[in-house]
Amino acid sequence: MVQLFSAFDRETIQTKMAEETFDLVIVGGGITGAGIALDAVSRGMSVALIEMQDFAAGTSSRSTKLVHGGLRYLQQFEIKEVADLGKERAIVYENGPHVTTPEWMMLPFHKGGNMGKLSASFGIRLYDYLAGVKKDERRQILSAKETLAKNPFVKKDGLKGSGYYVEYRTDDARLTIEVMKKAVELGAKVINYTKAENFLYDNKKHVTGVVARNLITGKVFDITGSRVINAAGPWVDRVRKMDYTTNNKHLRLTKGIHLVIDKSKFPMEQAVYFDTPDGRMVFAIPREKKVYVGTTDTVYDEMVINPKANEEDHQYVIKAINYMFPDVHISENDIESSWAGVRPLIYEEGKDPSEISRKDEVWFSESGLITMAGGKLTGYRKMAEKLLDEVSKSLAKETGKKFKTVQTHHLPISGGDVGGSANIDAFIEKKAKEGNNRFGWTLAEGRELAKRYGSNIDLVFTYAQEHKEKGTSELPNSLYAQLRYAIYHESVVHPIDFLLRRTGYLLFDMPYLLEWKEAVIADMDELFRWDEETKAKLVTELQTQIADAREPADWH
1 MVQLFSAFDR ETIQTKMAEE TFDLVIVGGG ITGAGIALDA VSRGMSVALI
51 EMQDFAAGTS SRSTKLVHGG LRYLQQFEIK EVADLGKERA IVYENGPHVT
101 TPEWMMLPFH KGGNMGKLSA SFGIRLYDYL AGVKKDERRQ ILSAKETLAK
151 NPFVKKDGLK GSGYYVEYRT DDARLTIEVM KKAVELGAKV INYTKAENFL
201 YDNKKHVTGV VARNLITGKV FDITGSRVIN AAGPWVDRVR KMDYTTNNKH
251 LRLTKGIHLV IDKSKFPMEQ AVYFDTPDGR MVFAIPREKK VYVGTTDTVY
301 DEMVINPKAN EEDHQYVIKA INYMFPDVHI SENDIESSWA GVRPLIYEEG
351 KDPSEISRKD EVWFSESGLI TMAGGKLTGY RKMAEKLLDE VSKSLAKETG
401 KKFKTVQTHH LPISGGDVGG SANIDAFIEK KAKEGNNRFG WTLAEGRELA
451 KRYGSNIDLV FTYAQEHKEK GTSELPNSLY AQLRYAIYHE SVVHPIDFLL
501 RRTGYLLFDM PYLLEWKEAV IADMDELFRW DEETKAKLVT ELQTQIADAR
551 EPADWH
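In this text, residue positions in the sequence shown follow full-length UniProt numbering: the first is 1, and each later residue adds one.
As structure tokens, then:
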């Protein structure tokens, strides 16, 4: 099967979308939409998916970047949620070990804190049981001395010890794109920068598709299907407003922000999950050369596209850092980058943002529009499974088609064919050496790219070879190879797609991004041949996101 996921396949994809009638038409290209697309196409359904921005440009690239079991939900007695998420976490890891990494997490407890030694021990033990945690990853309780041996920066005053348990760190944007690529590999038709402008209906007022606009060319076309699924994350209410029916349910949007600090200023190697004086829980997580810390949880009623961190948000997180790690003395000047994300929570009367459940719900409208609301990154696969179990039955009854049962329990996502989690470390070392031998990459660089692309690294190598032979681009070999791979295999259209969501440089290696962004733009311009107006707009888009990441939005 010919895969269509290059930036230069857009017209072909659009034509196929307009010509076919699909089993499912999905609106929304975040992790929820990607998960539904993969589940559906692996069962044998035909699928079309459109995304108004780039894939994962909303909430799915702006999370705490953890596939976690929801330990904190025990405090809200959401036992089933913890059990489901904990078990799901292991499946997500096994299907994509290149984008997910076990991370031992420390939960310190202090005299007078929100959590004592006994309650922490009981909570984590219950968490291990509910989540079905593997034997070698079960919790430990550390003394104050053992705690400081693992993380000497933790507040010493009143320290009684810590819980020690495993979470899973991920690259949320890359997890999304790898799930999407697998759906495309299996036959889904998928396109970004394409907006649903209206719904199509039959003479019984039943929804039969969407009117879509390609936001790059301006072309409008219809996509028809037996079922239309609204998986638009923070935009689900706006998408529902295009329909003539609704229900009394709606979202409550909340904002969370994270700050990134270089390890030269905050040389922490041990992840910590800690409570703040106001009772919120905050993560501090090492990632390569940086440490990122978050998150806030505030009601958000502003623009959903590109939410921004303001000075108040920054100060809250900086105070939290200096409260739990008093020896590091972090100030605004130490913040290298930041990001803000919007959580699409299901509104619950009278509850504060941090108390609202992260559960998912499916809403069916009279028109037949299906909306997937709420949910968490960790639960994306299970959410899709539950929804498609129901949809496939009704669709089979209606059309006479036969569909498989769920296939995604043991289905590696794109890049995940590395021999499972047991083999990922050996795979990374092997490919890092290959990158070093063939192209002169450093071993650290090779490891980073092998981890980023998993079993797709061999395709990245083909572009590195092209650069080595031609040598016409001023980009470093590895950056050239990544950029070409992203354009031809990951639908990268704008510089920000590549520098933020496909590589994470804007968040986790700002100096590198600033050094090479002009060359990336020049290289893309050579391929896409933008007119002056388009190029200026894309440069401004990138500069704006860099400015928003580097300082609070209300400073500029």
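We put the beta carbon where it would ideally sit given N, CA and C, even for glycine.
Length of the line joining the Cα atoms of residue i and residue j
i	j	result
Asn248	Leu443	55 angstroms
Thr59	Glu51	13 angstroms
Ala547	Ala519	19 angstroms
Tyr485	Arg227	33 angstroms
Met510	Lys517	10 angstroms
Leu459	Lys182	15 angstroms
Phe364	Gly86	28 angstroms
Ile31	Asp497	16 angstroms
Met180	Ala37	7 angstroms
Lys189	Ala522	30 angstroms
Asp313	Leu345	20 angstroms
His206	Val25	14 angstroms
Asp262	Lys290	4 angstroms
Phe325	Lys155	5 angstroms
Gly96	Ala450	13 angstroms
Trp104	Glu137	8 angstroms
For residue i, the first and last residue of its enclosing beta strand (DSSP E)
i	result
Gly225	Val220 to Asn230
Lys433	Note, Lys433: premise wrong, no beta strand (DSSP E); alpha helix (DSSP H) at Ile424 to Phe439.
Tyr164	Leu159 to Thr170
Val211	Val207 to Asn214
Ile546	Taken as a continuous stretch (DSSP letters only), Ile546 belongs to no beta strand (DSSP E), being part of the alpha helix (DSSP H) at Glu532 to Arg550.
Asp509	Counting along the chain, Asp509 falls outside any beta strand (DSSP E), and DSSP gives it neither H nor E.
Arg252	Leu251 to Asp262
Thr371	Ile370 to Gly374
Residue range of the unbroken alpha helix (DSSP H) whose run includes residue i
i	result
Gly446	Leu443 to Tyr453
Ile31	Ile31 to Arg43
Tyr480	Asn477 to His489
Phe461	Ile457 to Lys470
Thr147	Ala144 to Lys150
Buried/exposed call for residue i, threshold 16 Cβ in 10 Å
i	result
Ile305	exposed
Thr503	buried
Lys135	exposed
Lys410	Correcting the residue identity first, residue 410 is His in this sequence and not Lys. Exposed, because fewer than 16 other Cβ atoms sit within 10 Å of the Cβ of His410.
Asp531	exposed
Met303	exposed
Pro152	exposed
Met1	Any reading at Met1 must be qualified, since the residue scores a pLDDT of 46, below 50, and its modelled position is unreliable; the value itself is stated next. Looking at its Cβ environment, which holds fewer than 16 other Cβ atoms inside 10 Å, Met1 is exposed.
Ser143	exposed
Tyr273	buried
Arg529	exposed
Glu490	buried
Thr472	exposed
Gly112	exposed
Thr295	buried
Three-state secondary structure (DSSP) of residue i
i	result
Ala519	helix
Glu295	For the record, residue 295 in the displayed sequence is Thr; it is not Glu. Looking at Thr295 - three-state DSSP - the assignment turns out to be coil, as it is neither helix nor strand.
Ala188	coil
Met281	strand
Gln407	coil
Ile413	coil
His68	coil
Asp497	helix
Lys290	strand
Lys181	helix
Val92	helix
Arg138	coil
Met1	Confidence in Met1 is poor, its pLDDT being 46 and thus under 50, which makes the residue's placement unreliable; the coordinate value appears in the next sentence. Reduced to three states, the DSSP call for Met1 is coil.
Val362	strand
Ile318	helix
Lys195	strand
Of the listed residues the options, nearest to residue i (C-alpha basis)
i	options	result
Val293	Tyr93, Asn322, Lys393 and Glu390	Asn322
Thr21	Lys289, Met105, Gly29 and Thr208	Thr208
Tyr201	Val210, Tyr193, Thr194 and Met324	Val210
Ile335	Lys359, Asn310, Tyr347 and Arg343	Asn310
Tyr165	Thr176, Ile177 and Tyr129	Tyr129
Gly375	Gly368, Leu499 and Asp360	Asp360
Ile191	His110, Val260, Arg10 and Thr472	Arg10
Gly123	Lys241, Ile141 and Lys470	Ile141
Pro552	Gly28, Thr298, Gln53 and Gln315	Gln315
Gln53	Ser421, Ala18, Phe403 and Trp235	Trp235
Met106	Ala271, Thr194, Leu388 and Lys241	Ala271
Leu387	Tyr168, Glu398, Ala373 and Gly400	Ala373
Arg501	Thr170, Lys80 and Ala18	Thr170
Neighbour flag for residue i against chain C, beta carbons, 7 angstroms
i	result
Lys433	The chain labelled as chain C is not found in the depicted structure, where only one protein chain is given.
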